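Reviewing the structure listed below.
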Amino acid sequence: MMEDAIYEILPVVGFAAILSGAFVLIILWKEKGNPRIFMFFAVSDIINGIALISCGFYGVVVTMTGAGSDNFHPSSCLFYAPHLLLWAYTDTTEVLCILLFLIDRTIQIITPVSYGTISKTYLTLKYGFILYGVGTFAFIPTFFETITVNSTYTISTMCRFEQVVLPRFLEVRLFTVLWLPVIGMVWTMLIFLAYLIRRSKQRWSYNWSEKFADTQQMIAIAFLRCLFTEVAVKIVLYGNTNEVVVLRDFLLRAALALLVSFLSPCIYMLFSTPFTHHFDATFNVYGKNTERTWQSANDPPDASDNGEIGSPFEMKGTMREHACAVNGFVPRSASFYFESPPASLFRRPCPPALSHKSENVRGKRGSRDVPKSLFNQNTLTSIDLSV
848 MMEDAIYEIL PVVGFAAILS GAFVLIILWK EKGNPRIFMF FAVSDIINGI
898 ALISCGFYGV VVTMTGAGSD NFHPSSCLFY APHLLLWAYT DTTEVLCILL
948 FLIDRTIQII TPVSYGTISK TYLTLKYGFI LYGVGTFAFI PTFFETITVN
998 STYTISTMCR FEQVVLPRFL EVRLFTVLWL PVIGMVWTML IFLAYLIRRS
1048 KQRWSYNWSE KFADTQQMIA IAFLRCLFTE VAVKIVLYGN TNEVVVLRDF
1098 LLRAALALLV SFLSPCIYML FSTPFTHHFD ATFNVYGKNT ERTWQSANDP
1148 PDASDNGEIG SPFEMKGTMR EHACAVNGFV PRSASFYFES PPASLFRRPC
1198 PPALSHKSEN VRGKRGSRDV PKSLFNQNTL TSIDLSV
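Written as structure tokens, this is what we have:
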């Protein structure tokens, strides 16, 4: 049965969406520029992935227990199926994130000088909390009648989204998912046209607040996200069979998670130079210059063509035992030559200092009568400097 297969696939799709969103957050956590807006989409993708996992496990449990034929009040679904609340939440936050992305690009084109200052007011963690706080207001109109409906009205325990919410809200959601990507693509094309016009003359673009390559990349990413969303919607809405119509909401959310959420990091890697730079800085911090250039006494000897047994070059023992088998110059640690490090030159004994108050020296100025015993003392040239 197609519905049972979908319930088994949804947790896998949700887990993939969570991984992709977490990957973006890890890469861009220290980003301070305009790519920080990708983090808003990543948080929405993670919440949507959690909802998909919850929906999949809920459907599997209900199907295995045979409770799918039972009925109860729609308000009970909000308690037993929390993914409905998460989906109503992510539907709103996804729209807000897309609008924020488009408005951000519009501000950058219209006021490129002030963009750096203006963008700092909303590309922050504080504004992210405000944006996702606004998304909670979607619960009230979506589920108000679900809670206040007559107690005699019951639905299936499968708790499908279209059965719990009002029909008009379901129509609004389908209309938004279908036409918002189209509006976004047209919007980005107009922004790109304005960008080309401003680049046509130097005096119209000399005061650009970001690199021209970054502007082109951000416009391309906005267009591709809207394009992939529209493709996912068209794929699901193309089927008109009864079974597809019943499971349309599940299929639509799974398609969006695969084509948009899961592929977002790939799009960022291909089209965003700052994202690629942060990726290299995050995962290659320990991947460069890892080859050890010094040699320890406990290291095995270097490979040699002469491997005769019993010779000084045989491949047995440690480097301490075969110090004579040196292939080229290799810097070695102090333990290679010494059991304990040698004393510093600054700590070696100095010759005894001459005392000007010696009783063997006459106190008269200009006297040349100096005893010969003074010359028997150690001087700097007679000090043994060996270790």
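In terms of this note's numbering, the sequence shown opens at residue 848 and continues consecutively. Don't be surprised by glycine CBs; every beta carbon is placed ideally from N, CA and C. This structure is a prediction, so every number in the text was calculated from the model and none was measured.
Inset, instruction - Can you tell me which of the three DSSP states residue 919 falls into? - result: Strand, per DSSP.
Inset, instruction - Measure the beta-carbon distance from residue 1235 to residue 1008 and round it to whole angstroms, keeping in mind my assumption that it falls under 8 Å. - result: Residue numbering for the chain in the displayed model covers 848 to 1234; residue 1235 lies beyond these limits and cannot be assessed.
Inset, instruction - Pick helix, strand or coil for residue 1056, following the three-state DSSP scheme. - result: Look at residue 1056 here: in three-state DSSP terms it is coil, with no helix or strand label.
Legend entry - Nearest neighbour of residue 923, chosen from 1010, 953, 945 [CA to CA]: Answer by Cα proximity: 1010.
Inset, instruction - List the residues that DSSP assigns as beta-bridge partners of residue 1002. - result: For residue 1002, the pairing in a beta bridge is given by DSSP as 919.
Legend entry - Cα-Cα separation, residue 963 to residue 934: Computed Cα separation, rounded: 34 Å.
Legend entry - Per-residue burial, residue 1122 [other beta carbons within 10 Å of its own, 16 or more giving buried]: Buried.
Legend entry - For residue 857, the nearest candidate out of 907, 872, 959, 1111 (CA to CA): The option with the nearest alpha carbon to residue 857 is 907.
Legend entry - Nearest-angstrom Cα separation, counted from residue 1005 out to residue 947: Spanning the two alpha carbons is a distance of roughly 35 Å.
Legend entry - Contact set for residue 953: own chain, Cβ-Cβ below 7 Å, skip 5 residues either direction: Correct list, in chain order: 1038.
Inset, instruction - With 7 Å as the threshold, decide whether the Cβ of residue 907 is near any Cβ in chain E. - result: The question asks about chain E, but that chain is absent: this structure has only one protein chain.
Legend entry - Whole-angstrom distance between residue 984 and residue 897, CA atom to CA atom: Answer to the nearest angstrom: the Cα atoms are 20 Å apart.
Legend entry - residue 1158 - DSSP class collapsed to helix/strand/coil: Confidence in residue 1158 is poor, its pLDDT being 47 and thus under 50, which makes the residue's placement too unreliable to answer from.
Legend entry - Cβ pair residue 1102, residue 860 closer than 7 Å: One thing to note: residue 1102 has its Cβ no nearer than 7 Å to the Cβ of residue 860.
Inset, instruction - Check whether the region 1071–1078 touches the region 868–886, counting contact only when three or more Cβ pairs, one atom from each stretch, lie closer than 8 Å. - result: At 8 Å Cβ cutoff, the stretches do not touch.
Legend entry - As assigned by DSSP and simplified to three states, the class of residue 973: Correct three-state label for residue 973: helix.
Legend entry - Touch test, the region 1053–1063 against the region 1101–1115, Cβ-Cβ under 8 Å, three pairs minimum: Between the region 1053–1063 and the region 1101–1115, the count of C-beta pairs closer than 8 Å stays below three; the two stretches do not touch.
Inset, instruction - Enumerate, from N- to C-terminal direction, the unbroken alpha helix (DSSP H) stretches of 4 or more residues contained entirely within the region 871–935. - result: Listed in chain order, they are 884–912, 921–927.
Inset, instruction - Check each candidate in 881, 876, 862 and name the one with the smallest Cα separation from residue 1066. - result: Comparing Cα positions, the closest option is 881.
Inset, instruction - Compare the Cα-Cα distances from residue 1070 to each of 1002, 1034, 1095, 1043 and report the closest residue. - result: Ranking 1002, 1034, 1095, 1043 by CA distance to the CA of residue 1070 puts 1034 first.
Inset, instruction - Could you have a look at residue 1110 and say whether DSSP puts it in helix, strand or coil? - result: In this structure, residue 1110 counts as coil in the three-state DSSP scheme.
Legend entry - CB contact flag (residue 921, residue 1044, <7 Å): Cβ distance not < 7 Å, so residue 921 and residue 1044 don't count as in contact.
Legend entry - CA nearest to the CA of residue 865, picked from 889, 877, 849: With distances taken between Cα atoms, residue 865 lies closest to 889.
Legend entry - The alpha helix (DSSP H) enclosing residue 1121, as first and last residue numbers: DSSP places residue 1121 in the uninterrupted alpha helix (DSSP H) bounded by 1120–1130.
Inset, instruction - Assign residue 939 to one of two classes, buried (16 or more other C-beta atoms within 10 Å of its C-beta) or exposed (fewer than that). - result: Residue 939 is buried by the Cβ-count criterion.
Legend entry - residue 1159 versus residue 1110: straight-line alpha-carbon distance, rounded: Residue confidence is low: residue 1159 scores 48 on pLDDT, short of 50, so the model does not pin down where it sits. Its coordinate-derived value is still stated next. The alpha-carbon atoms of residue 1159 and residue 1110 are separated by roughly 59 Å.
Legend entry - Counted within 10 angstroms of its Cβ, other Cβ atoms place residue 1050 as buried (16 or more) or exposed: Classification of residue 1050: exposed, given that the 10 Å Cβ count is below 16.
Inset, instruction - Have a look at 1041, 903, 986 and flag the residue whose alpha-carbon is nearest the alpha-carbon of residue 958. - result: It is 1041 whose Cα lies nearest to the Cα of residue 958.
Inset, instruction - Check each candidate in 895, 943, 1020 and name the one with the smallest Cα separation from residue 982. - result: Checked all of 895, 943, 1020; the closest Cα to residue 982 is 943.
Inset, instruction - Could you round the C-beta distance between residue 1072 and residue 1107 to whole angstroms and report it? I think they count as a contact, below 8 Å. - result: Contact flag correct, Cβ pair sits at about 7 Å.
Legend entry - Contact set for residue 1055: own chain, Cβ-Cβ below 6 Å, skip 5 residues either direction: Same-chain partners within the cutoff: 959.
Inset, instruction - Determine the closest residue to residue 945 out of 1097, 1026, 1131, 1083, with distance taken between C-alpha atoms. - result: That would be 1026, whose Cα lies nearest to the Cα of residue 945.
Inset, instruction - Would you identify the three-state DSSP class for residue 858, choosing helix, strand or coil? - result: Residue 858 falls in the helix class under three-state DSSP.
Legend entry - Pairwise C-alpha distance: residue 875 and residue 972: Take the alpha-carbon of residue 972 and the one of residue 875: they are about 12 Å apart.
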